[in-house]
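Trainee:
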Amino acid sequence: MTTTRVEEIIDKIRTSGGRVTQSRRMVVEKIVDGSDHHLTAPELIEAMRQVEPEFHESTVYRVLERLTDLHILQQVQVQSGPTVFHLADGTHVHNHLLCTGCASVTETDGTLLDDVADRVARDHGFTLKAGSPTTLLGRCAQCGPAAS
Numbered sequence: 021m022t023t024t025r026v027e028e029i030i031d032k033i034r035t036s037g038g039r040v041t042q043s044r045r046m047v048v049e050k051i052v053d054g055s056d057h058h059l060t061a062p063e064l065i066e067a068m069r070q071v072e073p074e075f076h077e078s079t080v081y082r083v084l085e086r087l088t089d090l091h092i093l094q095q096v097q098v099q100s101g102p103t104v105f106h107l108a109d110g111t112h113v114h115n116h117l118l119c120t121g122c123a124s125v126t127e128t129d130g131t132l133l134d135d136v137a138d139r140v141a142r143d144h145g146f147t148l149k150a151g152s153p154t155t156l157l158g159r160c161a162q163c164g165p166a167a168s
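Below you can see the structure in the form of structure tokens.
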């Protein structure tokens, strides 16, 4: 676990007027521990209950909401599954490729849609919000093309 990253997040919560309880700190620590992949609320709840069997699931949902509001977490809406979350490192924007077959989420470079943004601006006079993550739906190589 990266103690520095945990403390940065805790400081942001406090600076924004939030209270940091031991339970909330535990959730933040678990999120930082899992920062190499996407996490769902049910996965976090299960992880918390392995440490503390009486852990309240509402705490996880409140922390996820707070961290998303503070732009510490990004969320990806998965079509037929739970929302997934990951740390927004603030240094790069990336997009998500969501497989409609297996619900896997793949991160891709934030510049992937630059040409599309330019065309939308040129053809429609509409400027896409810079830095807003996008989720593209399709099928991964493992699932193959969808049947017509």
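So the sequence shown is residues 21 to 168, counted in the numbering used here.
Don't be surprised by glycine CBs; every beta carbon is placed ideally from N, CA and C.
Since this is a predicted model, take the numbers as computed values, not measurements.
Given a threshold of 16 other Cβ atoms within 10 Å of its Cβ, counted over all protein chains shown, does H106 qualify as buried or as exposed?
Mentor: Result: buried.
Trainee: What's the gap between the Cα of T23 and the Cα of V52?
Mentor: Computed Cα separation, rounded: 9 angstroms.
Trainee: What residue range is occupied by the uninterrupted beta strand (DSSP E) comprising E77?
Mentor: Per DSSP, E77 belongs to no beta strand (DSSP E); it is in the alpha helix (DSSP H), E77 to D89.
Trainee: Contact check, L118 vs T128 under 8 angstroms by CB: the rounded distance?
Mentor: In fact, because the Cβ distance is near 11 angstroms, the residues do not count as touching under 8 angstroms.
Trainee: Could you check where the alpha helix (DSSP H) with V52 kicks off and where it finishes?
Mentor: Start and end: Q42 to D53.
Trainee: What do you get for V136, buried or exposed, if any count of 16 or more other CB atoms within 10 angstroms of its CB means buried?
Mentor: Exposed, because fewer than 16 other Cβ atoms sit within 10 Å of the Cβ of V136.
Trainee: Quick one: what's Q94 bridged to in DSSP?
Mentor: In the DSSP output, where bridge partners are listed per residue, Q94 has H106.
Trainee: Please go through the same chain and pick out, in chain order, the residues whose beta-carbon is closer than 8 angstroms to the beta-carbon of L93, but skip the five residues on each side of it.
Mentor: The answer, listed in chain order, is I51, L84, L87, F105, H106, L107 and A108.
Trainee: From this set, S43, G130 and S78, which residue's C-alpha is nearest V71's C-alpha?
Mentor: Ranking the options by Cα distance to V71, first place goes to S43.
Trainee: Out of H114, L133, E28 and K32, which one is the CA nearest neighbour of V125?
Mentor: Ranking the options by Cα distance to V125, first place goes to H114.
Trainee: Indicate whether L90 and K149 have their beta-carbon atoms separated by less than 7 angstroms.
Mentor: No, they are not a contact pair.
Trainee: If we call anything under 7 angstroms between Cβ atoms a contact, is P102 one with P73?
Mentor: In this structure, P73 does not lie closer than 7 angstroms to P102 by Cβ.
Trainee: In three-state DSSP terms, what is T147?
Mentor: T147 falls in the coil class under three-state DSSP.
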